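Heads up, the thing below is written out as structure tokens.
Protein chains: 2
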Amino acid sequence: MTPRKIEVIALDDFPFISPGDDLASIILERSHAAGLHDGDILVIAQKIISKAENRYRNLSEINPSTEAIKLAAKTEKSPSLVELILQESAEIVRHRPGLIIARHRLGYVLANAGIDASNVGRTREHVLLLPEDPNKTCRELLQAFSNACGASLGIIINDSVGRAWRRGTTSIALGSAGFPALLDLREDPDLDRRPLKVSMVGLADELASAASLVQGQGNEGRPVVIIKGYDPFNFEVPETELTRPENEDLFR
Amino acid sequence: MTPRKIEVIALDDFPFISPGDDLASIILERSHAAGLHDGDILVIAQKIISKAENRYRNLSEINPSTEAIKLAAKTEKSPSLVELILQESAEIVRHRPGLIIARHRLGYVLANAGIDASNVGRTREHVLLLPEDPNKTCRELLQAFSNACGASLGIIINDSVGRAWRRGTTSIALGSAGFPALLDLREDPDLDRRPLKVSMVGLADELASAASLVQGQGNEGRPVVIIKGYDPFNFEVPETELTRPENEDLFR
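From first to last, the protein sequence lines stand for chains A and B. Using the working numbering, you'd call the opening residue of the first sequence number 1 and step up by one each time. Using the working numbering, you'd call the opening residue of the second sequence number 1001 and step up by one each time.
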């Protein structure tokens, strides 16, 4: 069932993306060399989705609330940026000088609610929010690719995030479509009532990390990756949300 | 610098590993088909390292302490298993019925201190501890491979672990050698004093996750993976520990 070999290929010469660009067409055009076939998974960096969806905000146009001004003082961050973090968040999980970890309104727990304040293009006053609804964007891209080339693809929007107990970022799937984001391997306990150690695999997150290895970290201009050979459509499991619900969270 | 394409290939027909087996020889023999060349990264599942190092423990031979008996009652787990968890741990981070999250003595935060109680072979009373010192094992394997085939390789021992805010496991590197476990991309703040969003990449963990995609979850018998094309030896950064030190931990 699990494939023996996969290939992870970044699209070369990907153009700079601007608000309103037709990403599906641009990706289709650039993927001719690698080809797009049934079972291929397209992994697309969050940054170009946010740019295409014009998720830019100009910090000089933001009016920070009293709450934002207070938190900005505690964290030594710009009040306007903190205002945007609060607007994008359901909850501030932790903070200290230089750091705000927030639960984004879509459930992800990440620094600055995922707001990108470096190398986003435009002016120095501009920041880039996460896409409005990554799962919806994935479904729309899937439909566009299906219409254009007929292949059964998987789509992931990925982003690099920090972790509670590990140094370094790894990439996760902000959204996905076309394949099971989680592999449900849970089984009945064995005779000794021992549960399986590995019961649910964060498949979309592992694919996101694999793609990140060839995307590079921004300046390489390789935001789109094709993963060939995985073919997760063999798995007959339901697509599930990867974000852990609050009632399962032991770390607040 | 970042590669454009990588291949992730599982070794087929890998034998069952028993205590004392010479893993380096077995892996070298099985990797002839794929070949081992400078820059290749070998990713080896924790379970076969633990088996080769005879990290089996027999629960029926464990005498649980008073502390273990108390925690076992609270978590509805076997007192003998909880005793081993306590012995392997520096700290119990969280617990509830059915779940113990511990900081392993080597720093990893994971369920049951990484003790594997399912499908470990031997009898139903046997569990498998994590390797004694995964980084040391990686260095020894690296030396053995270097002696045998002369190639400059990277080595990772990987394992699937749960996460605080995400459902599903992803694979992390319990140990590594021969290449930088972390990519340090930190730069001076830009003119606007904005830090880079992604500053340190958990390279070994992303490689571990990529390998996991072809290892499968146990029964496939594919514990060893070769990643070709990444060639991380181009990066002139120091190897760093991936485990986040306690003084950086905001989630206790």
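No residue lacks a Cβ here, since even glycine has one placed at the ideal position from N, Cα and C. Computed from a predicted structure; not experimentally measured.
Inset, instruction - Please check if any C-beta of chain A sits within less than 8 Å of the C-beta of Leu1196 (chain B). - result: Because the pLDDT of Leu1196 (chain B) is 48, which lies under 50, any placement of that residue in the model is unreliable, and the number read from its coordinates should be weighed accordingly. Judged by the 8 Å Cβ criterion, Leu1196 (chain B) is in contact with chain A.
Inset, instruction - Taking Val209 (chain A) and Thr1170 (chain B) to be in contact with their CB atoms under 8 Å, please state how far apart those CB atoms are, rounded to whole angstroms. - result: Checking the sequence, you will find Ser at residue 209 (chain A) rather than Val. About 7 Å separates the two Cβ atoms, so the contact holds.
Legend entry - Below-8 Å beta-carbon distance, Thr75 (chain A) vs any chain B residue: Closer than 8 Å: no.
Legend entry - Rounded C-alpha distance that separates Ile100 (chain A) from Asp1231 (chain B): 34 Å
Legend entry - Residue span of the alpha helix (DSSP H) that contains Asn147 (chain A), given as start and end: Asn147 (chain A) -> alpha helix (DSSP H) spans 134-149.
Legend entry - Local conformation of Val205 (chain A) per DSSP, three classes: It is Asp, not Val, that sits at residue 205 (chain A) in the sequence shown. In this structure, Asp205 (chain A) counts as helix in the three-state DSSP scheme.
Inset, instruction - For Gly175 (chain A), return the contacting residues in chain B, with the cut-off set at a CB-CB distance below 8 Å. - result: Residues of chain B passing the Cβ test: none, with the nearest at roughly 13 Å.
Inset, instruction - Report yes if the CB atom of Ala1164 (chain B) is closer than 8 Å to the CB atom of Ala164 (chain A), and no otherwise. - result: yes
Inset, instruction - Tell me, please, which residues DSSP counts as bridged to Val127 (chain A). - result: A:Arg57
Legend entry - Exposure of Pro1223 (chain B), with buried meaning 16 or more beta-carbon neighbours within 10 Å: buried
Legend entry - Reduced DSSP secondary structure (H/G/I, E/B, other) of Leu84 (chain A): Here DSSP, grouped into helix, strand and coil, assigns Leu84 (chain A) to helix.
Inset, instruction - Can you check DSSP and say which residues form a bridge with Lys1228 (chain B)? - result: Paired residue(s): B:Glu1007.
Inset, instruction - Output yes or no for whether 8 Å exceeds the beta carbon distance between Val161 (chain A) and Val8 (chain A). - result: no
Legend entry - Member of A:Asp133, A:Gly229, A:Asp159 whose CA lies at the smallest distance from the CA of Ile172 (chain A): A:Asp159
Legend entry - Residue-level contact to chain B via CB, Glu7 (chain A), 8 Å cutoff: Judged by the 8 Å Cβ criterion, Glu7 (chain A) is in contact with chain B.
Legend entry - Buried versus exposed call for Ile1069 (chain B) [16 or more other C-beta atoms within 10 Å across all chains shown]: exposed
Inset, instruction - Name the two residues that bound the continuous alpha helix (DSSP H) containing Arg30 (chain A). - result: 23-30
Inset, instruction - Output, in chain order, the set of chain A residues within a Cβ distance shorter than 9 Å of Asp1249 (chain B). - result: Ala164, Trp165
Inset, instruction - Examine the Cβ distances between the region 118-126 of chain A and the region 138-146 of chain A and report whether three or more of them are shorter than 8 Å. - result: Counting C-beta pairs with one atom in each stretch, the region 118-126 of chain A and the region 138-146 of chain A have fewer than three that are closer than 8 Å, which means they do not touch.
Inset, instruction - Evaluate the contact criterion for the region 1022-1040 of chain B versus the region 1057-1077 of chain B: three or more CB pairs, one atom per stretch, below 8 Å. - result: no
Inset, instruction - For the alpha helix (DSSP H) holding Leu1036 (chain B), just list the boundary residues, first then last. - result: Here Leu1036 (chain B) belongs to no alpha helix (DSSP H), and DSSP marks it neither H nor E.
Legend entry - Under 9 Å by beta carbon: chain A residues contacting Tyr1230 (chain B): Within chain A, the residues Leu213, Val214 have their CB atoms less than 9 Å from the CB of Tyr1230 (chain B), given in chain order.
Inset, instruction - Determine which residues share a DSSP beta bridge with Ile172 (chain A) and list them. - result: A:Asp159
Legend entry - Host beta strand (DSSP E) of Glu1091 (chain B) (start-end): 1089-1096
Inset, instruction - Apply the 10 Å Cβ neighbour rule to Glu1276 (chain B) and answer buried if 16 or more other Cβ atoms are within range, or exposed otherwise. - result: Absent from the model: residue 1276 (chain B). The displayed extent of chain B is 1001 to 1252, so no value can be given.
Inset, instruction - Determine the DSSP secondary structure at Gly114 (chain A), reduced to helix, strand or coil. - result: The answer is helix: DSSP assigns Gly114 (chain A) an H, G or I state.
Legend entry - As assigned by DSSP and simplified to three states, the class of Ile1069 (chain B): Three-state result, Ile1069 (chain B): helix.
Inset, instruction - Answer yes or no: does any C-beta atom of chain B fall closer than 8 Å to that of Ala210 (chain A)? - result: yes
Inset, instruction - Could you please give the first and the last residue of the uninterrupted beta strand (DSSP E) stretch that includes Ala1102 (chain B)? - result: Run containing Ala1102 (chain B): 1099-1104, per the beta strand (DSSP E) assignment.
Legend entry - Members of the region 1127-1155 of chain B near chain A, C-beta cut-off 8 Å: none
Inset, instruction - On the DSSP bridge assignment, give the partners of Ile41 (chain A) in chain order. - result: A:Gly154, A:Ile227
Inset, instruction - Please determine, among A:Arg55, A:Glu29, A:Val109, the residue with the shortest C-alpha to C-alpha distance to Leu174 (chain A). - result: A:Val109
Inset, instruction - Would you check if the distance between the CB atom of Pro180 (chain A) and the CB atom of Ile49 (chain A) is smaller than 8 Å? - result: Result no, Cβ atoms of Pro180 (chain A) and Ile49 (chain A) do not sit closer than 8 Å.
Legend entry - Buried/exposed call for Lys1074 (chain B), threshold 16 Cβ in 10 Å: exposed
Inset, instruction - Taking C-beta pairs closer than 7 Å, name the residues in chain B that Pro3 (chain A) reaches, listed in chain order. - result: By Cβ distance, chain B contributes Val1214.
Legend entry - CB contact check: Asp188 (chain A) to chain B, cutoff 8 Å: Bear in mind that the predicted position of Asp188 (chain A) carries a pLDDT of just 47, short of 50, making it too unreliable to give a figure here.
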